[in-house]
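> Numbering (the numbering used here), first residue to last: 15 to 268.
#1: For residue 273, list the residues DSSP reports as bridge partners.
#2: Identify every residue that forms a DSSP beta bridge with residue 52.
#3: Taking just the CA atoms, how far does residue 179 sit from residue 150?
#4: Distance check for residue 53 and residue 89, CA to CA, integer angstroms please.
#5: How big is the Cα-Cα spacing for residue 121 and residue 182?
#6: Indicate whether residue 134 and residue 251 have their beta-carbon atoms separated by less than 8 Å.
#7: Label residue 130 either buried or exposed according to how many other C-beta atoms from any shown protein chain fall within 10 Å of its C-beta, with 16 as the threshold for buried.
#8: Would you kindly work out how many angstroms separate the C-alpha atoms of residue 34 and residue 45, rounded to a whole number?
#9: From residue 168 to residue 203, what does the alpha carbon distance come to, in whole angstroms?
#10: Is residue 80 helix, strand or coil when you go by DSSP?
#11: If you run the structure through DSSP and keep just helix, strand and coil, what is residue 128?
#12: Comparing alpha-carbon positions, which option in 190, 32, 92, 61 lies nearest residue 105?
#13: Whole angstroms is fine: what's the gap from residue 242's alpha carbon to residue 255's?
#14: Would you mind working out which of 29, 36, 231 sits nearest residue 146, comparing C-alpha positions?
#15: Buried or exposed: which applies to residue 69, given that a residue is buried once 16 or more other Cβ atoms fall within 10 Å of its Cβ?
#16: From residue 226 to residue 81, what distance separates their C-alpha atoms?
#17: DSSP three-state label for residue 114, please.
#18: Residue 99: buried (16+ other C-beta within 10 angstroms of its C-beta) or exposed?
#19: What does the Cβ neighbour count give for residue 187, buried or exposed, with the cut at 16 atoms within 10 Å?
#20: For residue 212 and residue 261, I'd like the C-alpha separation in whole angstroms.
#21: Quick one: residues in its chain with C-beta nearer than 6 Å to the C-beta of residue 112, no 5 flanking neighbours on either side, listed in chain order?
#22: Rounded to the nearest angstrom, what separates residue 78 and residue 64 at their Cα positions?
#23: In this structure, how does DSSP classify residue 191 when only helix, strand and coil are distinguished?
Structure below.
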């Protein structure tokens, strides 16, 4: 891991610990290290980077905060490469969007582009066990909600259907992006109370589309799966827009 001696003006504005942390990440990739592999000790890092002990320690703290390094103490301890879990990655990325004031349209613009292609790619490839798991998820909202709290639970469950689909993708980036958007939409729905008042049309449309989608997936019909998911996303966007507008009207004086 040779230290970076030539730096651009942009790089010079980045703190030393951050630069060292980025260099360590680059080295891990170059060396092909995997989760659980041991990283060089502190003394070796100090020598290779010609940095102070404080800088090296801060760089390691940065990597640990990012979830990329795990430090263990005691016999056999040290710093090890750590794989970031999907949930942690979603949480960290979600922090970036926390103050971005996302709207329903912001999220559905991407869902409409990506989810139909995911559905098409999964047609005929899902096991009967997975298809039955999706059907069991739909069974959680077989009947219209009878209270606001039940509507909230059903809405979150209907979004989980899409997260379950995303987990089946062979494309880790596509699967993660869809899962992340579903997570954002679920959080947005809950803290903006977009499930209140209950919307029977949204329940009926969503449930019907998901049932047709499972039929297309089971039959291996990629075109039907794509078209059904596209219709589902368009209908959901329209109805969620209405929910968002109703929510805003509750807080705007006449």
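Ideal Cβ positions, reconstructed from N, Cα and C, are used throughout, including at glycine.
Answer, in terms of the structure:
#1: An answer regarding residue 273 cannot be provided, because it is not within the stretch 15 to 268 covered by the chain.
#2: Residue 52 pairs with 94.
#3: Separation of residue 150 and residue 179 (C-alpha to C-alpha, rounded to the nearest whole angstrom) is 13 Å.
#4: CA-CA distance, residue 89 to residue 53, rounds to 16 Å.
#5: Residue 182 has its alpha-carbon roughly 21 Å from the corresponding atom of residue 121.
#6: Not in contact: residue 134 and residue 251 (Cβ atoms no closer than 8 Å).
#7: By the 10 Å Cβ count, residue 130 comes out buried.
#8: Their Cα atoms are separated by approximately 16 Å.
#9: Computed Cα separation, rounded: 12 Å.
#10: Shown here, residue 80 sits in coil according to DSSP, grouped into three states, outside any helix or strand.
#11: In the structure shown, residue 128 sits in a helix (DSSP, three-state: H, G or I).
#12: With distances taken between Cα atoms, residue 105 lies closest to 190.
#13: One C-alpha to the other measures close to 20 Å.
#14: Among 29, 36, 231, the Cα nearest to that of residue 146 belongs to 231.
#15: Burial call: buried.
#16: Roughly 40 Å separates the two Cα atoms.
#17: Residue state for residue 114 is assigned as coil, using DSSP reduced to three classes.
#18: Exposed.
#19: The Cβ neighbour count for residue 187, taken over all protein chains shown within 10 Å, is under 16; the residue is labelled exposed.
#20: Each residue's Cα considered, the two are about 12 Å apart.
#21: Leaving aside the five residues that flank residue 112 on each side, none in its chain has a CB nearer than 6 Å to its CB.
#22: Their backbone Cα atoms lie some 21 Å apart in a straight line.
#23: DSSP places residue 191 within a helical segment (H, G or I) once states are collapsed to three.
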